[in-house]
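Colleague: Line order of the protein sequences matches chains A and B. Numbering-wise (our numbering), the first sequence opens with residue -6 and increments by one. Numbering-wise (our numbering), the second sequence opens with residue 15 and increments by one. Just so it is clear, CB atoms sit at the ideal spot from N, CA and C, and this is done for glycine as well.
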Amino acid sequence: MKYVAPSSVEEAASLLSSSPSAQVFAGATDVVPQIRAGRPAPDVLVDLKKIKELVALNSDGDKWTVGAATPTAYLTEDDAFSHEFPGLAEAAGLIGSDQIQNRSSLGGNLCNASPAADSVPAMVVNGVRAVVAGPNGTRVLDVSEVVTGPGQTALDDDEFIVEFEIDKMPSRSGDAYLRMIPRTEMDIAVVGAGARVTLADDGSIEQAVLALGAVAPTVVRIPDAEQALVGSTADEETLNAVAAAASEACDPIDDKRGTVEYRKQVAGVLAKRAVVIAIERAEQRNGTN
Amino acid sequence: MPRTHITTVINGDETEFLTEDSTSLLNALRDEVGLTGAKEGCGTGDCGACSILVDDRVNCACLMFAPEADGTVIVTVEGLADSGELHPLQQCFLEGAALQCGICTPGFLMAAKALLDKNPDPTETEIRYALAGNLCRCTGYDKIIRAVQEAAREMRGQ
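1. Please classify B/L32 as buried or exposed, where buried requires at least 16 other C-beta atoms within 10 Å of its C-beta.
2. How about the region 55 to 64 of chain B and the region 88 to 105 of chain A: do they share at least three Cβ pairs that are nearer than 8 Å?
3. Could you tell me which whole alpha helix (DSSP H) segments of length 4 or greater appear in the region 245 to 269 of chain A?
4. Using only alpha-carbon positions, find the residue among A/V48, A/V268, A/V223 that is nearest to A/F157.
5. Flag this pair as yes or no: are the beta carbons of A/D168 and A/I174 separated by less than 7 Å?
6. Scan the region 86 to 113 of chain A for residues whose Cβ lies nearer than 8 Å to a Cβ of chain B and list them as they occur along the chain.
7. Would you tell me roughly how many angstroms separate the C-alpha atoms of A/Y(-4) and B/A80, rounded to the nearest one?
8. Could you work out which residues of chain A lie near B/D35, taking near to mean beta carbons separated by less than 8 Å?
9. Going by Cα to Cα distance, which pick from B/L43, B/A95, B/G93, B/N25 is closest to B/L12?
10. Look at the alpha carbon of A/V133 and the alpha carbon of B/Q114, and state the distance between them as a whole number of angstroms.
11. Could you compute how far the alpha carbon of A/K161 sits from the alpha carbon of A/A201?
12. Beta-carbon of B/F122 versus every beta-carbon of chain A: anything under 7 Å?
13. Just checking: is the beta-carbon of B/N73 within a distance shorter than 7 Å of some beta-carbon in chain A?
14. Counting contacts by CB-CB distance shorter than 7 Å, is A/T22 in contact with chain B?
15. Quick one: which residues of the region 174 to 200 of chain A get their C-beta closer than 7 Å to a C-beta of chain B? List them in chain order.
16. Between the beta-carbon of A/L9 and the beta-carbon of A/D151, is there less than 7 Å?
17. Could you tell me which of A/A182, A/D248, A/Y170, A/N119 sits nearest to A/A84, measuring between CA atoms?
18. In chain order, what residues of the same chain have a beta carbon less than 7 Å from the beta carbon of B/H101, not counting five sequence neighbours either side?
19. Sorted by chain position, which residues of the same chain lie with C-beta nearer than 7 Å to B/E92's C-beta, five sequence neighbours on each side aside?
20. Based on DSSP bridge pairs, tell me the residues matched to A/P64.
21. What are the uninterrupted segments assigned as beta strand (DSSP E) that are 3 or more residues long and contained completely in the region 161 to 186 of chain A, given in chain order?
22. Taking a cut of 8 Å between CB atoms, which residues from the region 75 to 104 of chain B lie near chain A?
23. Could you give the residue range of the beta strand (DSSP E) that holds B/Q104?
24. Between the region 183 to 198 of chain A and the region 128 to 144 of chain A, do three or more beta carbon pairs fall short of 8 Å?
25. Does the beta carbon of B/G55 come closer than 7 Å to any beta carbon on chain C?
26. Which bits of chain A does B/T21 rub up against, with CB to CB less than 8 Å?
27. Which chain A residues sit within Cβ distance under 8 Å of B/A128?
28. Only counting the same chain, and skipping five residues up and downstream in sequence, which positions put a Cβ closer than 6 Å to that of A/I142?
29. Alpha carbon to alpha carbon, what distance is there between B/C106 and B/E164?
30. What separation, rounded to the nearest whole angstrom, lies between the Cα atoms of A/E229 and A/L41?
31. What three-state label does DSSP hand B/D180 in the structure shown?
32. What's the gap between the Cα of A/A5 and the Cα of A/V59?
33. Compare the C-beta of A/V17 against all C-beta atoms of chain B and say whether one is closer than 7 Å.
34. Output yes if chain B places a C-beta closer than 7 Å to the C-beta of A/V25; else output no.
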């Protein structure tokens, strides 16, 4: 296994197209355990962290740009980012210990394609886009299009994510992410629920996006819950409809972390709670951003 | 296998070593540099026994490939004591019996140092979260938490 650390996106792209068994990595927090568990090691390991754009966190007038290999600790430590996207920052901050936080990245969490990846539902509800580089330049995918199944992505073998684009949070909007694990830290989601809402001037909900993790092969949106919320004030009846729609949207597995029935039940509870938190945050962001 | 030449600063000293690319930084530190303080517990980033500081951030050395260390500044548990005098964390672990078998101790010390470097007065909850990536099968954690609290007090001059 040969280690290479290209210094530009173009150099990395050409390395990938010339070495069929090359694999990119950022923090290697999934790659190393997978190799140790017996997955065949690649011939060439391409370390993306020496490419400037890949480890960067910037905000311009319209959007945030987060390099795909940026350690998640950088996101949670950035006051402006975590103030604007508290749900996404919390989701990124839930990935592993402090040791892991200094290595784990949004690009890695997404491309590892675990159904339980914490940052993915939070990215989906915030409409995050992935800028993907390959031999023929770059293309942009919605984060919701990247994962196609457990361990499977829509990226070709010679493609990798350069950065994520996140439109600035509009006023009267807020996001939230909650996950259920049987302990307090250091576990994989039994259920994860992300929500983002935008409120109208009269306080009713103008837009709502909800997404669940760990309850289906990929992250799932909950269109029925989103429709129930729009135009409402999230009264108890509406929230109960959200919970029912969330439970219904699940297609979970039975495993040691939770049964199908339990995951469905918890998905409803978490979806409801995430909506309530997102609304509270939206109410606080009623000024000029 | 061709070996790669790595230049780092380890515990304040410029250090060069040769390594195979697939070697973990942990194994390179132990086998090439001769620093055996960091331990391998799980080898998958779960137990924290291999915790070291890389450019001031706590990392699992088992999850890093040795070539990634090129150009970095590393502190291992061997770099904690100053001219033969134990670091307050080490002294408080000793006096508080915050260890039994000792395998996890270097990792706990480095994770605790990373915490106290950025937060000199952490709450118990903050300490427990900061040490959540370090496993200990002996102490039940309470003595470790108390030792970190005591070291923090001492380092604040209280």
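Modeller: The structure says:
1. Taking all protein chains shown into account, B/L32 has fewer than 16 neighbouring C-beta atoms within 10 Å of its C-beta and is therefore exposed.
2. Cβ pair count under 8 Å is three or more, so yes.
3. Correct list: empty.
4. Here the closest residue by C-alpha is A/V48.
5. Cβ atoms of A/D168 and A/I174: not closer than 7 Å.
6. Residues passing the 8 Å Cβ filter: G89, S90, D91, Q92, I93, N95, R96.
7. One C-alpha to the other measures close to 9 Å.
8. When 8 Å is used as the limit between beta carbons, B/D35 is near these residues of chain A: M(-6), K(-5), Y(-4), L38, in chain order.
9. With chain B covering only 15 through 172, there is no way to say anything about residue 12 of chain B.
10. Roughly 53 Å between the two C-alpha positions.
11. Rounded to whole angstroms, A/K161 to A/A201 spans 16 Å at the Cα level.
12. No, no contact with chain A.
13. So, interface residue.
14. Closer than 7 Å: yes.
15. Against chain B - using a Cβ distance shorter than 7 Å - the residues of the region 174 to 200 of chain A are E178, M179.
16. With respect to A/D151, A/L9 sits close: the two C-beta atoms are nearer than 7 Å.
17. Minimum Cα-Cα distance from A/A84 among the listed residues A/A182, A/D248, A/Y170, A/N119 corresponds to A/Y170.
18. Once the five neighbours on either side are set aside, the close Cβ partners of B/H101 are L94, A95.
19. Answer for B/E92: N25, L49, G51, listed in chain order.
20. BP columns for A/P64 point to A/S98.
21. Entirely contained in the region 161 to 186 of chain A, the beta strand (DSSP E) runs reaching 3 residues are, in chain order, 166 to 173.
22. Going along the region 75 to 104 of chain B in chain order, one finds C76, L77, M78, F79, P81, E82 with a Cβ nearer than 8 Å to chain A.
23. Run containing B/Q104: none in the beta strand (DSSP E); it sits in the alpha helix (DSSP H), 102 to 109.
24. The region 183 to 198 of chain A is not in contact with the region 128 to 144 of chain A.
25. Judged by its chain identifiers, the structure shown contains no chain C, and its protein chains are A and B.
26. What B/T21 touches in chain A: nothing, since even the nearest Cβ is about 14 Å away.
27. What B/A128 touches in chain A: D91.
28. A small fix is needed here, since residue 142 of chain A is Gly in this sequence, not Ile. For A/G142, where only same-chain residues beyond five positions count, the Cβ hits under 6 Å are P210.
29. Within the model, the alpha-carbon separation for B/E164 versus B/C106 is close to 7 Å.
30. In a straight line, the C-alpha of A/E229 is about 47 Å away from that of A/L41.
31. Outside the displayed span of chain B (15 to 172) sits residue 180 of chain B, for which this structure offers no information.
32. Distance between the alpha carbons of A/A5 and A/V59 is about 18 Å.
33. Contact of A/V17 with chain B is not assigned, every C-beta pair being separated by 7 Å or more.
34. It does; some Cβ of chain B falls within 7 Å.
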